[in-house]
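Enquirer: In the working numbering, the protein residues as written are 390 to 498. First, the structure itself, so that you have it in front of you.
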Amino acid sequence: MRLNKGDIIRAGHAHMRRPMRGVEGPLYLTKTTLFHEGSIGQHIESVETVIDLKDIKEIKTKNSMGMIPNRIKIITHNNDVFKFSVFKRNDWITAINKMRSELNEPADY
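Written as structure tokens, this is what we have:
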């Protein structure tokens, strides 16, 4: 997915949890999508994940190591689950829900 600078509402680094291995890379919020551009190892595999904001059913939080407030769990209407570790998790959730409210569908929190 190609993004223009003007499309980006929020950007930051994220670790996306996957079944076999985590994926590091930038996380972008646009007016309509959440986009993670990850890579596994240098020059090995590029992994792009696009979540349409209108498909989000629920956003849950969890702490790493029981005390670090940095995990976001996104569940879609199709019951797909996406897990991210981010810096300033509450700011991310607020921004996502703000964009979702503009689409008339804020996620449960």
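The beta carbon of each residue, even a glycine, is placed where N, CA and C say it ideally should be. As the structure is a computational prediction, the values presented were derived from the model and not from experiment.
1. Name the residue from N452, H402, L423 whose alpha carbon lies nearest to the alpha carbon of I445.
2. Quick check: what's the CA-CA separation for D441 versus T419?
3. Around the Cβ of H402, are there at least 16 other Cβ atoms within 10 angstroms (buried) or fewer (exposed)?
4. Out of S435, H466, N467, D396, which has the shortest C-alpha to C-alpha gap to E413?
5. Let me make sure I understand the geometry here. Which of A484, F473, K449 has the alpha-carbon closest to that of E426?
6. When DSSP labels each residue in this structure, what does M488 get in the three-state scheme?
7. Express the C-alpha separation of R407 and A484 in angstroms, rounding to a whole number.
8. Assign H404 to one of two classes, buried (16 or more other C-beta atoms within 10 Å of its C-beta) or exposed (fewer than that).
9. Using the beta-carbon count (16 or more within 10 Å), is M456 buried or exposed?
10. For N493, which residues of its own chain have a beta-carbon under 6 angstroms away from its beta-carbon, when the five flanking residues on both sides are left out?
Expert: In this structure, then:
1. Per the Cα distances, L423.
2. Each residue's alpha carbon lies about 10 angstroms from the other.
3. By the 16-neighbour rule on beta-carbons within 10 angstroms, H402 is exposed.
4. For E413, the nearest C-alpha among the options comes from S435.
5. When A484, F473, K449 are compared, the shortest CA-CA separation from E426 is found for F473.
6. It is helical.
7. Spanning the two alpha carbons is a distance of roughly 24 angstroms.
8. Looking at its Cβ environment, which holds 16 or more other Cβ atoms inside 10 Å, H404 is buried.
9. Exposed is the label assigned to M456, since fewer than 16 other Cβ atoms lie within 10 Å of its Cβ.
10. Close CB contacts of N493 within its chain, under the 6 angstroms cut and outside five residues either way in sequence, are absent.
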